[in-house]
Each structure stands twice: as C-alpha cells, then as structure tokens.
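S.K.:
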Amino acid sequence: MQADGKFAERRSMNDEYIRLSLDEVAALSRDILSHHGLAPQHVEAVTATIVAGERDECASHGIYRLLVCANTLKTGKVVKDAVPVVHDIAPALLRVDAGGGFAQAAFARGLPMLVDKARTNGIAALGINHCVHFAALWPEVEAVAAAGLVAFACTPSHAWVAPAGGTKPLFGTNPIAFGWPRPGAYPYVFDFATSAVARGEIELHRRAGKPIPEGWGIDAAGRPTTDARAALDGAMLTFGGHKGSALATMVELIAGPLIGDLTSAESIALDDGAGSSPIGGEFILAIDPAGFLGAEAAQHIERAEAVFDAIVGQGARLPSLRRFDARARSLANGVQVTRRLYEDVQALLG
Ligand code: NDP
Ligand code: PYC
7 MQADGKFAER RSMNDEYIRL SLDEVAALSR DILSHHGLAP QHVEAVTATI VAGERDECAS
67 HGIYRLLVCA NTLKTGKVVK DAVPVVHDIA PALLRVDAGG GFAQAAFARG LPMLVDKART
127 NGIAALGINH CVHFAALWPE VEAVAAAGLV AFACTPSHAW VAPAGGTKPL FGTNPIAFGW
187 PRPGAYPYVF DFATSAVARG EIELHRRAGK PIPEGWGIDA AGRPTTDARA ALDGAMLTFG
247 GHKGSALATM VELIAGPLIG DLTSAESIAL DDGAGSSPIG GEFILAIDPA GFLGAEAAQH
307 IERAEAVFDA IVGQGARLPS LRRFDARARS LANGVQVTRR LYEDVQALLG
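Residue numbers are given in the working numbering: position 268 of the sequence shown equals residue 274, and the series is strictly consecutive.
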C-alpha cells in the first residue's frame, strides 16, 4: 500500500486489518453474489473484477464494491440472469446488449469479436448497451491490450459531478481508460475518473470518518467542503477545471447518445433514489497498430519504449505501476482489508 496520497488517508492507527488470500476473496464474493440471487455466469464475471480490484489495491473497486453490488441486486436495478446478446452491425462495429445485467459478462461476450474486427479492419468499436456498471475500466483495456491492440474505454455513471463553473450535479464520475501493448511487459495503462476522484474514494473517506482534500467537492449550497458526506450530498468537482469538465462531457456523449444509451442525468433519474450502480452504456475502441503500419508495426511499437523510459528516467512513474506492484504482492501474500469492511461485507450474508 503506498505511503502517501489518498490510499494512505484511509489507513489509521485504529484500524484493525485482516489478511485474506485471493481465493478467500473470490469465495466471499461468490457467496454474497449468489446469496443475492445473481446467476452463476454473472457471479463468476463479477467476482473476477472484484478480486482484481482488491488484488491491485484499488480499494474503491475491490471488496468494498460487494456492498454496492448487493444493494444493486436488492433494489432490483440489475437483471440477475441477463443474457448478453452480440450484434454484428458493421465491419468495424459491434454492439452487445447486456440486457440490464452487469457489464462484465457483456464485455466478455463482445471481446473476441472486437479483437477480430480490429485485426481485420485496423480499428473497431464495441458499444455495450443496457448494462449496470460498478467497476474500474482497466480490466477491460488490459484485456484489449493483451491482444496486442491499443485500447480506449469510457462510460458515464450517475449525475454526481458539477460542470466547471457550475454547482449542480450533471456529469457522472465518467472514467476514461487507455491501454498500450508493450512487448514482454505489462501494458501502459491509465484509468481515471474525470471527477477529481472516484465517488468510491469519497465513500471510503465517509466510512472512515475522515475529511476529504479540498477540491474534491462542494456542499449543497455550492461552498467548498472537506466533509465527505456534504460533498456526496452536494456535488463532486471535475479534475483540472474546465479540462476535466470537457472530457466528462465527451464521455457523456460518446458512451451515451452516440451509442443510443443513457446520460448520467438519465441514469440517476432511473435510479430514483435507490442508490444502485449506474445504468447505461460503455464505449470501447480497439486499434491494431498493424492497420497503419503493416509489417513495420513492431518496430514502431518498440519506439514507444523510449517515451516510457524517458518518463521513468526523470523519477516519474508510469500509471498502473503501483497497481502492478500491488498485484505482485497480493499474488504472493494475499490482501489486507479492514476488519470493519470485512464484517460489513460478511453481514450481507445474514
Ligand atoms: P486515481 O486517481 O486513483 O488513478 C488514476 C490513474 O492515474 C491510475 O491509472 C493510476 O495508476 C494513475 N496514477 C495515480 N497517481 C499517479 C502518479 N503519481 N503518477 C502516475 N500515474 C498515477 O483514479 P480515480 O480515483 O480517478 O479512479 C479510480 C477508479 O475508479 C478507476 O479505475 C476508474 O475506472 C474507476 N471509476 C469507475 C467508474 C464507473 O462508472 N464505472 C466511475 C469513476 C471511476 P495506479 O493505479 O498505478 O496508481
Ligand atoms: O467510484 O465514481 C465511482 C464509480 C461509479 C461507478 C462505479 N464507480
């Protein structure tokens, strides 16, 4: 666990931790999701995502998400036995209708055709429709990059974030993820919310009774706040002011109206106070370097390494490096979670 920044903020001397193997995390996830009636194929797909989040020490999208998933299952806002249907709609385009289910199974159904189409055409796009999305996007861009393709993904969420210059929630936390394949190494991947931080991080601060940094949110009266509850009830802020605001707008547009799906404002209206995960679409783009470069693809992909070396060479770090380090630790030693979170999650079985 890194010693600085937001991850450290959640740790306190008073927290008691327990260690779990990744198999134990998976078993816990399966038990809870099955207990709440999720169909087996979704249990496996969602569990893989929960385990990956905890393994990579992405606390806001690991075991904690079981609380969110269970609530979404209880409120009936997700179709528990949805069967995703793949539609091959054009040489470089496909849709997967998730049928109201969690996004993971829909992505898994669409991935092979997305990869095939990208390899055939040089570029291809997948629109996932009618899904419930509670997760990080890096598992998806990593999967596309693992096929040797450059990846981009984004999804709206619920209207929680004010546009720069405004004070009322309009955008979702709208993550953007990018993946670049690297020969013999983990891909270059970044994946972040276009809000200053994911909402899950503010939720974790609220649970821990800790203040949030300035710049994450404003209260319902539009005043800056460091109170997590007040920011959740008011509005979150975009990162980078007008720049994050424009990127959040882009996500609303290309993973909303462009693919015939919901905006974050429409998603939260449909939620109607249930507090469930966002409903709507996801947009995923895959680009085959060989499409532009043919036989010269490998040599140009290799040149990208000089960019990464130059970043690291001046003491900066590549995005996802923290995650990949955490992954190695967790695969060897399992993960640590607070006893309180563990007990809250266990209580879902009660
Ligand atoms: P973070 O701010 O934690 O991190 C964002 C990215 O920046 C990561 O790739 C991270 O790599 C990288 N990074 C962080 N610090 C540095 C640094 N000092 N140098 C270089 N790179 C760095 O993310 P957010 O809080 O914005 O989002 C967290 C997650 O929440 C994301 O995975 C996102 O997909 C998910 N999310 C999902 C939503 C949905 O609707 N489904 C909505 C909003 C968020 P590393 O991980 O290695 O630290
Ligand atoms: O943390 O902002 C978030 C989030 C929304 C949906 C999934 N995660």
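Every residue gets a Cβ at the ideal spot worked out from N, C-alpha and C, and that includes glycine.
Source: prediction; values computed, not measured.
(1) Between the alpha carbons of ARG205 and ALA301, how many angstroms are there, rounded?
(2) Say yes only if the C-beta of ALA168 is nearer than 8 Å to one or more non-hydrogen atoms of the ligand NDP, and no if none qualify.
(3) Spatial neighbours of GLN47 within its chain, please: C-beta separation below 8 Å, excluding the five flanking residues on both sides.
(4) Using 8 Å as the cut-off, can you tell me whether the stretch 192-201 makes contact with the stretch 324-334, which would need three or more C-beta pairs spanning the two stretches below that distance?
(5) Pull up the CB-CB distance for TRP166 and ALA214, whole angstroms please, since I reckon it's below 8 Å.
(6) Give a single yes or no on whether ARG205 has its beta carbon closer than 8 Å to a heavy atom of the ligand FAD.
(7) Classify ALA334 as helix, strand or coil using the three-state DSSP reduction.
(8) So, under 8 Å CB-CB, ALA98 and ASN127 are touching, yes? Tell me the CB distance rounded to an integer number of Å.
(9) Could you tell me which of LEU355, ARG346, HIS248, SER201 sits nearest to GLU22, measuring between CA atoms?
(10) Taking 9 Å as the CB-CB limit, is ILE38 close to chain B?
(11) Specify the secondary structure class of ASN180 as computed by DSSP and reduced to three states.
(12) If I follow the unbroken alpha helix (DSSP H) through GLU302, where does it start and stop?
(13) Is the stretch 122-140 close to the stretch 183-194, with three or more CB pairs under 8 Å?
(14) Using a 10 Å radius around the Cβ and a threshold of 16 neighbouring Cβ atoms, would you call GLU146 buried or exposed?
(15) Would you say GLY286 and THR161 are within 9 Å of each other, going by their C-beta atoms?
(16) Consult DSSP for LEU229 and reduce its assignment to one of helix, strand or coil.
(17) Identify which residue in PRO169, ILE224, PHE298 has its Cα closest to the Cα of ALA254.
(18) Taking buried to mean at least 16 other C-beta atoms within 10 Å of its own C-beta, is LYS249 buried or exposed?
(19) With TYR348 as the anchor, note down where its alpha helix (DSSP H) starts and where it stops.
M.R.: Taking the coordinates as given:
(1) If you number the sequence shown from 1, residue 205 lands on position 199. If you number the sequence shown from 1, residue 301 lands on position 295. In this structure, the alpha-carbon of ARG205 lies about 44 Å from that of ALA301.
(2) For this step, residue 168 is matched to residue 162 along the sequence shown. No.
(3) Within the sequence shown, the letter at position 41 stands for residue 47. Excluding residues within five positions, the ones whose Cβ falls inside 8 Å are ALA111.
(4) yes
(5) As a first step, residue 166 must be located in the sequence shown, where it is residue number 160. As a first step, residue 214 must be located in the sequence shown, where it is residue number 208. Incorrect: roughly 20 Å between the Cβ atoms, too far for contact.
(6) As far as ligands go, the structure on display features the ligand NDP and the ligand PYC and does not contain the ligand FAD.
(7) For the purposes of this step, residue 334 is taken as residue 328 along the sequence shown, with counting starting at 1. Residue state, collapsed to three classes: helix.
(8) For this step, residue 98 is matched to residue 92 along the sequence shown. For this step, residue 127 is matched to residue 121 along the sequence shown. Correct: roughly 4 Å between the Cβ atoms.
(9) Taking the first residue of the sequence shown as position 1, residue 22 is located at position 16. Minimum Cα distance to GLU22 is reached at ARG346.
(10) Looking at the structure shown, chain B is missing, and only one protein chain is on hand.
(11) As a working note, residue 180 is residue 174 in the sequence shown. Reduced to three states, the DSSP call for ASN180 is coil.
(12) Here residue 302 corresponds to residue number 296 of the sequence shown, with the count starting at 1. That residue, GLU302, is in no alpha helix (DSSP H); it is neither H nor E in DSSP.
(13) These segments do not touch.
(14) As a working note, residue 146 is residue 140 in the sequence shown. Burial check for GLU146: the Cβ neighbour count within 10 Å reaches 16 or more, so the residue is buried.
(15) Position 280 of the sequence shown, counted from the start, is the residue given in the question as residue 286. Position 155 of the sequence shown, counted from the start, is the residue given in the question as residue 161. Yes, the pair counts as a contact, with Cβ atoms nearer than the cut-off.
(16) For the purposes of this step, residue 229 is taken as the residue at position 223 of the sequence shown. Position check: residue 229 holds Arg in this sequence, whereas Leu was assumed. If DSSP states are grouped into helix, strand and coil, ARG229 belongs with coil.
(17) Position 248 of the sequence shown, counted from the first residue, corresponds to residue 254. Of the candidates PRO169, ILE224, PHE298, the one whose C-alpha sits nearest the C-alpha of ALA254 is PRO169.
(18) To locate residue 249, count along the sequence shown from 1; it is residue 243. So LYS249 counts as exposed.
(19) In the sequence shown, counting from the first residue as 1, residue 348 sits at position 342. It spans 345-352 - the alpha helix (DSSP H) in which TYR348 sits, taken as one unbroken run.
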